[in-house]
Amino acid sequence: MSASAPPQVHFRTCNLCEAMCGVRIEVADGRITSIKGDDADPFSRGHICPKAVALRDLHEDPDRLRHPMKRTASGWERVSWEDAFSDITRRLHALQQEHGPHTVGAYLGNPNVHNLGAMMFGPGLLRALRSRNRFSATSVDQLPHQLVAHFMFGHQLLVPIPDIDRTRYMLMLGANPLASNGSLMTTPDVRARLRSIQERGGKVVVIDPRRTETAGIADQHVFVRPGTDALALFSLLNVVLEGNAHRMGRLAAFVDGLDTIAPLVRDFPAERTAPHTGIAPEVLRGIARDFLAAEGAVCYGRVGVSTQPFGSLCQWLINVLNIVTGNLDREGGALFTQPAFDLIGGPRALGVSPGSHGRWKSRVRGLPESSGELPVAVLAEEILTPGDGRIRALFTVAGNPVLSTPNGTQLDTALSRLDLMVSVDPYLNETTRHAHYILPPASLLERGHYDLVFHVLAVRNTAKYSPPVFAPAPDSRQDWEILLELQHRLETLRHGRTARATLQYQALKRLGPERLLDLGLRMGPYGSRFHPLKKDGLSLAKLRASPHGIDLGPLKPSLPGRLRNRSKRIQLAPELLVADVARLRAAFPDDAAPRGDELLLIGRRHLRDNNSWMHNVPGLVKGRPRCTLMVHPDDASRLGLTDGVEATIRSRVGEVTVPVAITADVMPGVVSLPHGYGHQRSGIRMQVAGAHAGASINDLTDEQALDAVSGNAAFSGTPVRVTPALPLPSDSATPAV
1 MSASAPPQVH
11 FRTCNLCEAM
21 CGVRIEVADG
31 RITSIKGDDA
41 DPFSRGHICP
51 KAVALRDLHE
61 DPDRLRHPMK
71 RTASGWERVS
81 WEDAFSDITR
91 RLHALQQEHG
101 PHTVGAYLGN
111 PNVHNLGAMM
121 FGPGLLRALR
131 SRNRFSATSV
141 DQLPHQLVAH
151 FMFGHQLLVP
161 IPDIDRTRYM
171 LMLGANPLAS
181 NGSLMTTPDV
191 RARLRSIQER
201 GGKVVVIDPR
211 RTETAGIADQ
221 HVFVRPGTDA
231 LALFSLLNVV
241 LEGNAHRMGR
251 LAAFVDGLDT
261 IAPLVRDFPA
271 ERTAPHTGIA
281 PEVLRGIARD
291 FLAAEGAVCY
301 GRVGVSTQPF
311 GSLCQWLINV
321 LNIVTGNLDR
331 EGGALFTQPA
341 FDLIGGPRAL
351 GVSPGSHGRW
361 KSRVRGLPES
371 SGELPVAVLA
381 EEILTPGDGR
391 IRALFTVAGN
401 PVLSTPNGTQ
411 LDTALSRLDL
421 MVSVDPYLNE
431 TTRHAHYILP
441 PASLLERGHY
451 DLVFHVLAVR
461 NTAKYSPPVF
471 APAPDSRQDW
481 EILLELQHRL
491 ETLRHGRTAR
501 ATLQYQALKR
511 LGPERLLDLG
521 LRMGPYGSRF
531 HPLKKDGLSL
541 AKLRASPHGI
551 DLGPLKPSLP
561 GRLRNRSKRI
571 QLAPELLVAD
581 VARLRAAFPD
591 DAAPRGDELL
601 LIGRRHLRDN
611 NSWMHNVPGL
621 VKGRPRCTLM
631 VHPDDASRLG
641 LTDGVEATIR
651 SRVGEVTVPV
661 AITADVMPGV
671 VSLPHGYGHQ
681 RSGIRMQVAG
691 AHAGASINDL
701 TDEQALDAVS
711 GNAAFSGTPV
721 RVTPALPLPS
731 DSATPAV
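All the letters of the sequence shown, read from the start, carry residue numbers 1 to 737 under full-length UniProt numbering.
What follows is the structure, encoded as C-alpha cells:
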C-alpha cells in the first residue's frame with residue numbers, strides 16, 4: 001500500500017456568523033482532519049467558537065442536496081441543470097406576461113451576506129425580475145439600523161461601530177455579543193475584548209429583559225420591560241441634556257437638529273418612564289452620569305431593540321446619545337470603518353445603494369419600501385390576497401422564512417398556494433419543501449470567500465481572502481453561476497438573444513466574483529485607484545499572498561468626510577423619527593399600567609445555533625435541549641408550572657408546547673424562547689434537526705406587530721398566555737378520521 005499524502009493546510013475565514021474568525025483547516029486524502037483557530041490571523045488571534053468545526057459537518061452532510069431537484073406528483077426527482085433552468089425561466093416569463101412583473105417575488109436569507117458570489121450577482125437577478133416584491137431577512141433583524149443610518153448619515157451602511165478595543169464605558173441594550181459574536185459589530189473573541197475594557201478600568205453595562213451570557217460578565221445588568229427601551233433612552237438623554245447642555249465638541253460644527261431634540265427629551269424624565277420600563281430613576285441617572293464621565297464611552301443596541309414596535313426610535317436615540325456626548329467619531333466611542341472593498345464610498349457599480357424609503361408601498365397593507373425592499377411581514381398576505389399584483393411565483397435564496405419571519409404558520413400556508421416556487425438552497429427544509437425546483441449550490445468550502453459586508457461593520461480594519469478548500473464537483477454550480485444563468489435566460493426571453501446581452505453575459509461569466517473583488521480592492525482606499533501601474537496597492541493577488549489576512553489598523557475619525565448626504569452634515573432630528581415620538585407617548589400614557597394577565601415573549605440566541613440550518617449539525621445540537629421556555633420563579637408559581645414540565649404558549653396567531661426552564665435570569669412578566677426551531681413539519685430532509693425539532697417561536701409572533709417607521713417585525717414583547725400542557729387521559733382512544 002502506498003503511503004498517504006501529507007496533509008494540506010488551508011487558512012480561511014469562517015463564514016457561519018459575523019465574527020470573521022480565522023481558521024486553520026487540515027485536509028488529508030480529500031477529507032478534513034482538523035479545524036482549529038488560526039493564531040496568525042491578525043483579527044481573531046486564534047479564537048474560534050464551536051460553529052467553526054461545523055464547516056466540515058456542513059460540507060459532508062449527507063442531507064445536503066448536490067443536484068437540482070424537481071417536485072413531482074410522485075415525489076422529488078433529480079433533473080439536469082439545463083432542464084431546470086429552461087423550465088423555470090419559461091414559466092416565470094409566462095406568468096409575468098400574463099399577470100405583470102410584480103407577480104414574482106424574491107426572498108433573500110441572511111446567509112447571502114456571508115457569500116461573495118451571492119452578494120456580487122444577486123442584484124443582477126433581482127433587476128431581471130423587474131418586481132417590486134423584494135424581501136429579505138433585513139426586515140426581521142437590522143432594518144432600523146440601516147434606515148436610521150440612511151436618514152442621519154446619508155448611507156444605509158454607515159452604521160457607527162463601537163470602538164470596543166479602546167472604550168472605557170460600554171452600554172449595551174438588547175445585545176448579547178457573547179452569543180452573537182458581535183452582530184453589526186464584527187468582533188471575534190468578544191469575551192476577551194469585553195474583559196479588556198474592565199482590565200483597563202472601564203465598565204460594561206447591559207440593559208436587557210434577560211440576564212444574558214453577556215450580562216453575566218458585565219459590571220452591571222439592569223432589567224427593562226420589553227418594548228420600552230425607547231423610553232429608557234429618552235430618560236438617559238433627559239439627564240445628559242439637562243439645562244440644554246451638550247458635549248458634542250467638534251461635532252457641533254456639522255450637526256443639525258439639536259434644537260429639535262432638546263424639547264423632546266424634556267418630556268421623558270426617569271420618574272415618568274420608570275412605571276413602564278421597570279428601571280428605577282436613580283439607576284438610569286447613575287448610568288447617564290457614568291456615561292458622561294467616562295473618557296470614551298459608547299452605546300450599542302442590537303436585535304432586541306430593533307425588533308420591537310419602536311425599533312427605529314431606539315436606534316436613532318442610541319446615535320443621538322453617542323453624538324450629544326461627543327462620543328461619535330471619537331476613539332473609544334463609535335466610529336465608521338474604512339474597508340478595503342468600500343461598499344459605501346467606492347465605485348457606484350461595486351457598492352450598495354445609499355438607501356431609500358417610501359418610493360412604493362405594499363399592495364395589501366400599504367407599508368413602505370426601504371432600500372428597494374418591502375417588509376417580509378407582508379409576504380404571506382401578498383400571496384394569499386386575491387387581486388391584481390398578487391404574488392404567484394417566488395424565489396428564495398438561502399433563506400428559511402417559515403421559521404424566521406412572523407406568523408410562520410400563515411406563511412407556510414401561503415407558500416403552498418404558489419403557482420411556482422424556486423429555491424436556491426442546499427437543503428430540503430421547512431420553506432423549500434414547498435418549492436417546485438430546488439437548485440443547490442456548491443458547498444461553502446468549494447467557493448472563494450471575502451466578507452464584503454462584515455468588513456464594513458468590523459471593530460478593526462482588516463482584509464482577507466479565502467480560496468476554496470475543495471474543487472467543486474463537475475456537475476455542481478456556484479451560487480453566482482446559478483443566479484447569473486437565471487438572469488441571462490430571463491432577459492433573453494424578454495428581449496431576444498441580442499449580441500450585446502450575450503457579450504455582457506459572457507463577460508460576467510469570465511469575470512466571476514474574484515475578478516470583481518480584485519477591481520474593488522484596487523479601486524478602494526488601500527489600492528492603486530489613482531495609480532493603475534502602482535504595484536504596492538492592495539489587490540486580490542496581495543491578499544492571496546497573505547493567507548492569514550492583512551491588518552489595516554484601528555478605526556479612525558472620518559467625519560464629516562465619510563458622510564454621504566449632500567449637506568455633509570449629521571441630521572440629528574430626521575422628520576419621520578421626530579414625528580414618531582407622538583406614537584411613543586400615546587403608547588405609554590402616564591395613567592396606564594402593564595396588564596397583569598399577560599406575559600411578554602422575547603426570543604434568544606445560543607452560540608451554537610445562529611440559523612435554523614445549523615441544527616442539522618450533530619456537534620451543535622448535542623447536550624441538554626435548548627428549546628425551552630424560560631420562566632421567572634414568581635410567574636411559574638402563579639401559573640402552576642414546574643421545572644421541566646411541558647407548557648402551552650398561546651398568542652393571537654397560534655400556540656406551541658415546549659418544556660419549561662424556571663430561572664431568575666428573566667424579568668418577572670417575561671418569558672423567553674429561542675429562535676430557529678420548529679423542525680417537526682413533514683417533508684423535510686434534515687435528519688439531525690428533525691430529531692431536535694423543538695418549536696418555532698415564529699408560530700407565535702404576529703405579522704401585524706411592526707415598527708411603524710421601518711416595517712421591521714416587532715418580535716420582542718409578543719403578548720402570550722402560558723398554561724401547563726394538559727396530558728391526554730390514559731384511557732383516551734385515538735379519534736377516528
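All C-beta atoms, glycine included, are put in the ideal place defined by N, C-alpha and C.
Please read these numbers as outputs of a predicted model, since none were measured by experiment.
N-terminal and C-terminal residue of the alpha helix (DSSP H) that SER74 is part of: For SER74, there is no enclosing alpha helix (DSSP H), as DSSP marks it with neither H nor E.
Three-state secondary structure assigned by DSSP to HIS155: Collapsing the DSSP output to three states places HIS155 in coil.
Beta-bridge pairing of ARG210 - partner residues as DSSP gives them: Under the DSSP definition of a beta bridge, ARG210 partners with VAL666.
Contact under 7 Å by Cβ, SER131 with HIS102: The Cβ atoms of SER131 and HIS102 sit closer than 7 Å to each other.
Residue from ASP475, ALA471 and LEU171 with nearest C-alpha to ARG31: Comparing C-alpha distances from ARG31 to each of ASP475, ALA471 and LEU171 shows the shortest one belongs to ALA471.
For LEU108, the three-state DSSP class (helix, strand or coil): Note: LEU108 maps to strand in three-state DSSP.
Buried versus exposed, by CB contacts within 10 Å (16 or more), TRP613: Counting Cβ neighbours within 10 Å, TRP613 comes out buried, since at least 16 surround it.
The stretch 224 to 242 touching the stretch 534 to 554, judged by at least three CB pairs closer than 8 Å: The stretch 224 to 242 makes no contact with the stretch 534 to 554, as fewer than three CB pairs between them are under 8 Å.
CA-to-CA distance, ASP425 to LEU533, given in whole angstroms: Its pLDDT being 46, under 50, LEU533 is placed unreliably by the model, and the measurement read from it follows with that caveat. Roughly 41 Å between the two C-alpha positions.
Distance between SER370 and TRP360 (C-alpha atoms, nearest Å): One C-alpha to the other measures close to 9 Å.
Close Cβ partners of LEU620 (< 6 Å) along its chain, the five nearest in sequence each way excluded: The residues are ALA54, ARG608 and MET614.
Whether HIS59 touches SER443 by CB criterion (7 Å): Yes, they are a contact pair.
Beta-carbon contacts of HIS531 that lie in its chain and below 8 Å, excluding the five residues immediately before and after: Reliability of the predicted coordinates at HIS531 is poor, the pLDDT of 48 falling under 50, and no value is obtained from them.
Rounded C-alpha distance that separates LEU343 from GLU703: If you draw a straight line from the Cα of LEU343 to the Cα of GLU703, it comes to about 32 Å.
Counterpart residues of ASP643 in DSSP-defined beta bridges: Paired residue(s): none; ASP643 is not in a bridge.
Three-way DSSP call (helix, strand, coil) for GLN96 in this model: Helix.
ASN244 burial status per 10 Å Cβ neighbour count (16 or more: buried): Looking at its Cβ environment, which holds fewer than 16 other Cβ atoms inside 10 Å, ASN244 is exposed.
Inter-residue spacing [alpha-carbon to alpha-carbon] between ARG544 and PRO467: ARG544 and PRO467 have their C-alpha atoms roughly 8 Å apart.
Beta-carbon gap between LEU171 and ARG191 smaller than 7 Å: Cβ distance not < 7 Å, so LEU171 and ARG191 don't count as in contact.
Start and end residues, beta strand (DSSP E) containing TYR300: Counting along the chain, the unbroken beta strand (DSSP E) around TYR300 starts and ends at 297 to 301.
Of the residues PRO574, GLY345 and LEU158, the one placed nearest ALA334, counting alpha carbons only: Selection PRO574, GLY345 and LEU158 evaluated against ALA334 yields LEU158 as nearest (Cα-Cα).
Limits of the alpha helix (DSSP H) - the one that GLY117 falls within: Residues 116 to 129.
Environment of HIS10 [buried if 16+ CB atoms lie within 10 Å]: In the assembly as shown, HIS10 is a buried residue. Its beta-carbon has 16 or more other beta-carbons within 10 Å.
Assigned secondary structure, GLU446 (DSSP; H/G/I helix, E/B strand, else coil): Secondary structure at GLU446: coil, using DSSP grouped into helix, strand and coil.
Separation of CYS314 from ILE261, as counted between CA atoms: The C-alpha of ILE261 lies about 14 Å from the C-alpha of CYS314.
DSSP-derived helix/strand/coil call for SER710: If DSSP states are grouped into helix, strand and coil, SER710 belongs with coil.
Beta-carbon spacing of VAL206, THR214 below 7 Å: Yes, the Cβ-Cβ distance between VAL206 and THR214 is below 7 Å.
Sub-7 Å separation of ASN319 and ALA297 beta-carbons: No; because the gap between Cβ atoms is not below 7 Å, this pair is not in contact.
Short Cβ contact (7 Å threshold) for ARG210 with VAL666: Going by C-beta atoms, ARG210 is nearer than 7 Å to VAL666.
DSSP-derived helix/strand/coil call for LYS542: In the three-state reduction of the DSSP assignment, LYS542 falls in the helix class, which pools H, G and I.
Residue from PHE715, PRO68 and GLY75 with nearest C-alpha to PHE85: Closest option to PHE85, Cα to Cα, is PRO68.
Three-way DSSP call (helix, strand, coil) for GLY496 in this model: Assignment of GLY496 by DSSP, reduced to helix, strand and coil, places it in the coil class.
C-alpha gap between GLN146 and ASN322, whole angstroms: The straight-line gap from Cα to Cα measures roughly 17 Å.
Spatial distance of ARG604 from ASP57 (CA atoms): Across the structure, ARG604 and ASP57 are spaced so that their CA atoms are roughly 24 Å apart.
Start-to-end residues for the beta strand (DSSP E) that takes in ARG12: Per DSSP, ARG12 is one residue of the beta strand (DSSP E) stretching across 8 to 13.
First through last residue of the alpha helix (DSSP H) which encompasses PRO401: Under the DSSP assignment, PRO401 falls in the alpha helix (DSSP H) whose first and last residues are 401 to 404.
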